[in-house]
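Position one of the sequence shown corresponds to residue -19 (our numbering), numbered consecutively onward.
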Amino acid sequence: MDIFIAAALIVLLLVVLGSGLWIGLSLLGVALVAMELFTHRPVGDSMALTVWGSTSSWTLTALPLFLWMGEILFRTKLSEDMFKGLAPWLNRLPGRLLHANVIGCTIFAAVSGSSAATCATIGKITLPELKRRGYPDDIAIGTLAGAGTLGLLIPPSIIMIVYGVAANVSIAKLFIAGVVPGILLAVLFMGYIVVWALLNKHKVPAADADMSFAQKVYASRHLIPVVSLIGLVLGSIYSGVATATEAAALGVGGSLILAAIERSLNWRVFKEGLVAACRVYCMIGLILAGAAFLTLAMGFIGLPRHLAEFIGGLNLSPFALIVLLMVFFIVLGCFLDGISMVVLTMAVLLPTVQKAGIDLIWFGIFIVLVVEMAQITPPVGFNLFVLQGLTKRDLTWIARTALPLFMVMVAAVMLVYFVPGLVVWLPSHM
């Protein structure tokens, strides 16, 4: 019965999304149908409480602030200067400035802890500049979709905190365990860009004129403003001076000051950046509200718990269990956000995982990796929604551009399974 309910809801969601209705409203509508038909809970009260709770979190305040910071960088000379500083060092690397997506997301992931914030902020900076320089839209958007997921893996990570509490393991060790896999995944993404560029040389714009080492160092002066801004945000978080939300506010203030110093800030730029950040955040906020209500509906129906119990009763080998759980979480990602997947399934799955002899720190990083994969798979791939809002492209087109990065992430999961030391060595020596 559960399988038929799940299939019916997936079909309904695809139909509603395909009709062109706003994504957030589509998620709310499917959740409303699920609650009305398959539960006895009062729908009105549940919806009101869930929507309010999902959009009124203080932690969530960091997201619009980071978006505003990205808008300021995008609308002033700072983003162009960042590319001027990076270009000489990336000239000889196949793919050239496409690597700015991965490098930018890797650095920003250490600031935000959010996949949506990473994808939206870096996308605002890199996509217009890459388009202006002649890079194809599909590879630029696809690599950003994949690299944006690094916001979940590279600490600090909200989902690691949720898993640490649910599994009763050290959050500090989880953070440390995410460092090597995060860097590994970034390197794999850059490796994919290199391979793509070698196979599609005619699609990569011509390199800038060669420079001597001294000239490259001199050109790097353009990176000083952005690197200083990142240092301010990161330093304030890791020194304990500011929370992530307060650091985001520092980032906005710092970006405004830098833009004023560079004389590229005026009232029109200030107003347009603020309005654009509000517009993108409202889009993301509505999606968050819809996803939260759909999560509640799925929880009341009991689908995640029943599926997790089914997997637990199969008595599989560790490798078969990991493969099945990877598929399970990707399918579950069709309905739920990452945090909800962890909250709703860990209590049932952890005994099975421990019985199979799987290290819980390693399993936490595995969970983050597969939740990242769910971020770029339709119909409810959160990074896909964010990029659709930024680019106005069709959701299925964006999903196709992200598919190669999804396969890279599958390879990363297999790599950390067969070489578990990539995850557990660093926390075991701290």
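Every residue, glycine too, gets a C-beta built ideally from N, C-alpha and C. All values derive from a computational prediction rather than experimental measurement.
In whole angstroms, what is the alpha-carbon distance linking W405 and A157? Looking at the two C-alpha atoms, the distance is approximately 8 Å.
For T41, which residues in the same chain have their Cβ closer than 7 Å to its Cβ, ignoring the five residues on either side in sequence? Shown here for T41: same chain residues with a beta carbon closer than 7 Å to its own, the five before and five after excluded, namely T225 in chain order.
Cβ-Cβ distance between Y397 and I310 below 8 Å: Pairing Y397 with I310 gives a Cβ-Cβ distance that is not under 8 Å.
Assign Y198 to buried or exposed, taking buried as 16 or more other Cβ atoms, counted over all protein chains shown, within 10 Å of its Cβ. Exposed: under 16 other Cβ atoms inside 10 Å.
Following the continuous alpha helix (DSSP H) through Y115, name the residue where it begins and the one where it ends. No alpha helix (DSSP H) holds Y115; DSSP gives it neither H nor E.
Enumerated in chain order, which unbroken segments of the alpha helix (DSSP H) with a length of 4 residues or greater are wholly contained in the region 160 to 199? Whole alpha helix (DSSP H) segments, 4+ residues: 193 to 199.
Going by the beta-carbon positions, is the gap between T56 and S244 smaller than 8 Å? A contact, by the Cβ cut-off of 8 Å.
Ordered along the chain, which non-local residues of its own chain (more than five positions away) have a Cβ less than 6 Å from that of G270? Cβ neighbours of G270 beyond the five flanking positions: G4, L7 and L8.
Enclosing alpha helix (DSSP H) for N363 [first to last residue]: N363: member of the alpha helix (DSSP H) spanning F362 to T371, first to last residue.
Would you be able to state if there are at least three C-beta pairs under 8 Å between the region 98 to 113 and the region 140 to 160? A contact is defined here as three or more CB-CB pairs under 8 Å, and the region 140 to 160 fails this definition with respect to the region 98 to 113.
Can you tell me which of D117, G65 and P384 puts its alpha carbon nearest to the alpha carbon of S200? Of D117, G65 and P384, the smallest CA-CA separation from S200 is found for G65.
Within the continuous alpha helix (DSSP H) that includes W32, where are the two ends? For W32, the enclosing alpha helix (DSSP H) begins and ends at V23 to T35.
Check whether the Cβ atoms of V322 and V142 lie closer than 8 Å to each other. Note that the C-beta distance between V322 and V142 is below 8 Å.
Sufficient close CB pairs (3 or more, under 8 Å) joining the region 78 to 88 to the region 272 to 283: No, the region 78 to 88 does not touch the region 272 to 283.
Would you say L238 and P185 are within 8 Å of each other, going by their C-beta atoms? Taking C-beta atoms as the reference points, L238 and P185 fail to come closer than 8 Å.
Do A147 and M306 have their beta-carbon atoms positioned less than 8 Å apart in this structure? No. Outside cutoff.
Hey, is the region 376 to 387 in contact with the region 113 to 133, meaning 3+ C-beta pairs nearer than 8 Å? Flag = yes, the region 376 to 387 and the region 113 to 133 touch.
Ignore the nearest five residues each way along the sequence and tell me which others in G253's own chain have a CB closer than 7 Å to its CB. Contacts found: W48, E51, I52 and R55.
Residue closest to A229, alpha-carbon to alpha-carbon, out of L364, L370 and L212: Ranking the options by Cα distance to A229, first place goes to L212.
Out of T86, L294, L43 and A257, which has the shortest C-alpha to C-alpha gap to V159? Ranking the options by Cα distance to V159, first place goes to T86.
Report yes if the C-beta of I281 is less than 7 Å from at least one heavy atom of the ligand NAP; otherwise report no. You won't find the ligand NAP in this model; it holds no ligand whatsoever.
Does DSSP put E242 in a helix, a strand or coil? Residue state, collapsed to three classes: coil.
Nearest-angstrom Cα separation, counted from C262 out to L43: The alpha-carbon atoms of L43 and C262 are separated by roughly 11 Å.
Identify the continuous alpha helix (DSSP H) that holds G401 and give its terminal residues. Run containing G401: G401 to S408, per the alpha helix (DSSP H) assignment.
Look at the Cβ atom of L(-8), then the Cβ atom of V23, and state whether they are nearer than 8 Å. No, the Cβ-Cβ distance between L(-8) and V23 is not below 8 Å.
So, for M140: in the same chain, excluding its five sequence neighbours on each side, which residues have a beta-carbon less than 7 Å away from its beta-carbon? Close CB contacts of M140 within its chain, under the 7 Å cut and outside five residues either way in sequence, are with I151, L154, F155, G158, G344 and V348 (chain order).
Determine the closest residue to A354 out of E289, F18 and L312, with distance taken between C-alpha atoms. Ranking the options by Cα distance to A354, first place goes to L312.
Could you name the residues of the same chain whose beta carbon sits closer than 8 Å to that of A392, not counting the 5 residues immediately before and after it, in chain order? Non-local C-beta neighbours of A392 in its own chain, meaning closer than 8 Å and more than five positions away in sequence, comprise P161, L164, L165, L168 and L349, ordered along the chain.
Taking just the CA atoms, how far does V388 sit from A(-13)? Between A(-13) and V388, the C-alpha separation is close to 28 Å.
Which whole-angstrom value is the C-beta distance of A89 and L45, which I expect to be below 8 Å? Under the criterion of beta carbons closer than 8 Å, A89 and L45 do not qualify as touching, at roughly 16 Å.
Does the distance from the CB of L412 to the CB of S26 come in under 8 Å? Because the chain here runs from -19 to 410, residue 412 falls outside it and cannot be looked at.
From I281 to N246, what does the alpha carbon distance come to, in whole angstroms? C-alpha separation (whole angstroms): 53 Å.
According to DSSP, simplified to helix, strand and coil, what is W38? Coil at W38, not helix or strand.
Tell me the residue span of the alpha helix (DSSP H) that contains V348. Element bounds for V348: L340 to A354.
Just to confirm before moving on: does the CB-CB distance between L107 and T371 stay below 8 Å? A contact, by the Cβ cut-off of 8 Å.
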